[in-house]
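Q: Sequential numbering of the sequence shown, starting at -9, is according to my numbering.
Positions of the beta carbon are idealized from the N, C-alpha and C atoms, including for glycine.
Values in this document were obtained by computation on a predicted structure and should not be read as measured data.
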Amino acid sequence: MIWLVGAGPGDSGLLTLRGYEVLKRADVVIFDRLVGDGVLAFMPETAEKIDAGKISGSHKITQAEIESLIISRAKSGKNVVRLKGGDPFVFGRGGEEAEAIIRAGLDFEIVPGVTSALSVPAYAGIPVTHRDYCSGVNIYTAHDRDNMIPDFADTTSVFLMGVANSSELQSKLLLTMSPDTPCAVIENGTTSSQRVIRSTLEHLHDSIVNNNVNPPAVIVIGKTSALNLNHCANLPLVNKKIIITRPEGRSEKLSMMLRDLGAEVILLPTIKTSTLHDALDGMKLSGYERIGFTSVTGVNALFEILAEKGRDIREIGNAEIAAIGSATKEALNNHGLKVDYVPEIFDGHHLAEGLAKLGGKILMLRAENGTPEIELVFRNYGINYTNVCIYRIDYVKLFCVPKFADIIIFTSSSTVRGLAENTSSLREALAVCIGKQTADEAVKAGFTRIKIAERADVESIVRACS
Ligand code: SAH
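(1) For T181, which residues from the same chain have a beta carbon less than 7 Å from its beta carbon, with the 5 sequence-adjacent residues on both sides left out?
(2) What are the partner residues of E310, as DSSP defines its beta bridges?
(3) Under 8 Å between the Cβ atoms of I4 and S109?
(4) What does DSSP give as the partner residues of R356 in its beta bridges?
(5) Tell me whether S466 is buried or exposed, calling it buried when 16 or more other Cβ atoms sit within 10 Å of its Cβ.
(6) I want to know whether the segment 13 to 29 touches the segment 249 to 263 - three or more CB-CB distances under 8 Å.
(7) Would you kindly check if the distance between the Cβ of R356 and the Cβ of C379 is under 8 Å?
(8) To the nearest whole angstrom, what separates the beta carbons of T438 and S403, a pair I think is in contact under 8 Å?
(9) Would you call the CB atoms of L275 and I314 closer than 8 Å?
(10) Compare the C-alpha of V457 against each of D302, L270 and F32 and name the closest.
(11) So, helix, strand or coil for F98, using DSSP?
(12) Give me the DSSP bridge partner(s) of V71.
(13) What did DSSP end up calling H193 once you bin it into helix, strand or coil?
(14) Given 8 Å as the limit, is there contact between the segment 363 to 377 and the segment 329 to 344, that is, 3 or more CB pairs closer than that?
(15) If you follow the alpha helix (DSSP H) that L13 is in, where does it begin and where does it stop?
(16) DSSP three-state label for D250, please.
(17) Write down the C-beta distance between I398 and A419 rounded to the nearest angstrom, noting that I regard them as a contact closer than 8 Å.
(18) At 3 residues or longer, and completely inside the segment 103 to 171: list those beta strand (DSSP E) runs for me, N to C.
(19) Roughly how many angstroms separate the alpha carbons of N229 and L191, rounded to a whole number?
(20) In the DSSP assignment, what are the bridge partners of V255?
(21) Counting Cβ pairs closer than 8 Å, one from the segment 240 to 248 and one from the segment 212 to 221, do we hit at least three?
(22) Check whether the Cβ atoms of A309 and Y331 lie closer than 8 Å to each other.
(23) Where do the N-terminal and C-terminal ends of the alpha helix (DSSP H) with L296 fall, by residue?
(24) Taking 8 Å as the cut-off, decide whether the C-beta atoms of I187 and T405 are in contact.
(25) Please work out which residues of its chain come closer than 7 Å, Cβ to Cβ, to K319, disregarding the five sequence neighbours upstream and downstream, and give them in chain order.
(26) Taking only the alpha-carbon atoms, compute the straight-line gap between A(-3) and N178 and give it to the nearest angstrom.
(27) I need the DSSP call for I92, collapsed to helix, strand or coil.
(28) Using the Cβ count rule (16 or more neighbours within 10 Å means buried), how would you classify T36?
(29) Would you mind sorting I92 into buried or exposed? The rule is 16 or more other CB atoms within 10 Å of its CB.
(30) Count the other C-beta atoms from every protein chain shown that fall within 10 angstroms of the C-beta of A291, then say buried if there are 16 or more, exposed otherwise.
(31) Check whether the segment 71 to 83 touches the segment 97 to 107, taking contact to mean three or more Cβ pairs, one atom from each stretch, closer than 8 Å.
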C-alpha cells in the first residue's frame, strides 16, 4: 500500500491524525526536504528512511527515481509513505506521483496536509481572506511563468518558492498593482524560527534582501497582509525549539504544556523500554515488608506481567509500597494501590536511602540497566534486599537529529546517554534535567548550560524551560 501524505508546514502539531496513523505503520518513508523535524521524528525506528531531497552519489535524486522507488518498494509488499511538505497536491509533484502509481496499477491513498500557502500566513496573523478586504485568494508558484500576473485587486495572492525570484516577481506585479499594496514575507512559518517581514509591493524585493530571507518562505500580497492578528506573540516560549527525549508515549502532558506556552516541540525519544516478561517466573511476591518502584514503566511492567501470567497483585499481601516520585505514585494509585512512602527528593538515591532507613525485607522492582546508585546506597546501609529487573532500557537509533535546539529535556540519565549514543551535536542547547544524577550525566555528555527542575514533575520541568 502507498500513502501520499502531507506533512504540514513544519510544526508537528499540524500533521493530520490520519497522517500520523499511517506514518507510524510505514515500512518505508520517502521524505522531502521541507518536512519538519518534529514530523521526521515520528518515523518508526524500524522503517527504511529515504531522503528524497538529498544528493545521492553525485546527483540529486530525480523525480523519476523517486517514483520508481515508491513503486518498487510497494510492489515488494511494503507499506510505503511518501511524505511531502504541506499538502501533497500543492506544488509538491504529488499529482505526478499519483499518476505514476496509477500507471503501475497499485493501490494508494492521499492524506491531505495543511498547506503552507494558507497556514503560514495564518500563523503570522494574516487571514488570507477577510470580508472587509478581499473576496478570494490565489496561490501561485513564483517560478517563471508568463501567465502568472494576478490582476484581481480584491484578491489576496500567495506566492510559494518566491525568495530567489522576488525581483522579477515585484516588477511583474507592479505592472498591474499599486506600489503601496501591502506585502508580507514569512520565513520558516509555524516553527520556532518563523520571521515575518511586512512591507509594500515597491519594497518587497529590498525587504527580502535586507533581511537576508532564505527559503522556505511564503510571500503574501494584498490588503490583509498588513493585518497582524497574532495569536502567540506574547507567549513566553514562542521562539523556542524544545526537544523532549523521554520514551514514546510519556510526553503528552509535557508537550501540551510547552506548546500552550508557544514552543515548537520535537518528540525525540532517545530510549525505549521493554517488559521482561519472564522476570517473575518461579518467584513469589509474598513475604516482603516493602516493595520499591523506580518508575511508571516499572509499575506498568509489573501489571503487564501479572496479567500475562494469570497472577494477581494480592500476592504482595500487606507489603508497604514506595514510589520514587509523584508520577510513579500516581501510576500505582491508578492500579488501586496506596503508596506508603515517596522520598522528599525524587531520585533513586533518596528512594533507596528512605527504604534502607525504614528497613525490613525489601523488594525492588526496576530496570535491568537502571542507575547503580540504588545498589550503592543499600550496600552502604548494609541492607540485604531483593532486586528484580522487570523491564529493560535500550537506546533508540535516531535517524535524523534536528540541527539545533534551544532546550533539550532529559528526564533520566539514560535519556542523556541515549542522545549521546546518537550524536555529539546540539550541545549548545540548555539541558533541562530531572535530578542531579541526570544533570551529572548531561555534564559528562558535554552540555555546559544545565538547569535542574525544582521537582521531578512536569510542572517543574515547564517552569525550568521558561
Ligand atoms: N506542498 C507544499 C509546497 C511545496 S513548494 C505545501 O503545500 O505547503 C515549497 C514552498 O512552500 C517553499 O518554497 C515555500 O514557499 C513554501 N513553504 C513550505 N513550508 C514553508 C514554511 N514552513 N514557511 C514558509 N514557506 C514554506
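A: If we stick to the structure as given:
(1) G0, D1, G26 and E254
(2) R280
(3) First, the amino acid is wrong: residue 4 is Leu here, not Ile. Yes, the pair counts as a contact, with Cβ atoms nearer than the cut-off.
(4) C379
(5) This structure does not reach residue 466, given that the chain is present from -9 up to 456, and the question cannot be answered.
(6) yes
(7) yes
(8) Not a contact, Cβ separation roughly 18 Å.
(9) no
(10) Given a span of -9 to 456 for the chain in the structure shown, any question on residue 457 remains unanswerable.
(11) strand
(12) W(-7) and V19
(13) helix
(14) yes
(15) L7 to K14
(16) helix
(17) 5 Å
(18) 126 to 131 and 145 to 150
(19) 28 Å
(20) I232
(21) no
(22) no
(23) V286 to E298
(24) no
(25) A313, V329 and V332
(26) 14 Å
(27) helix
(28) exposed
(29) exposed
(30) buried
(31) yes
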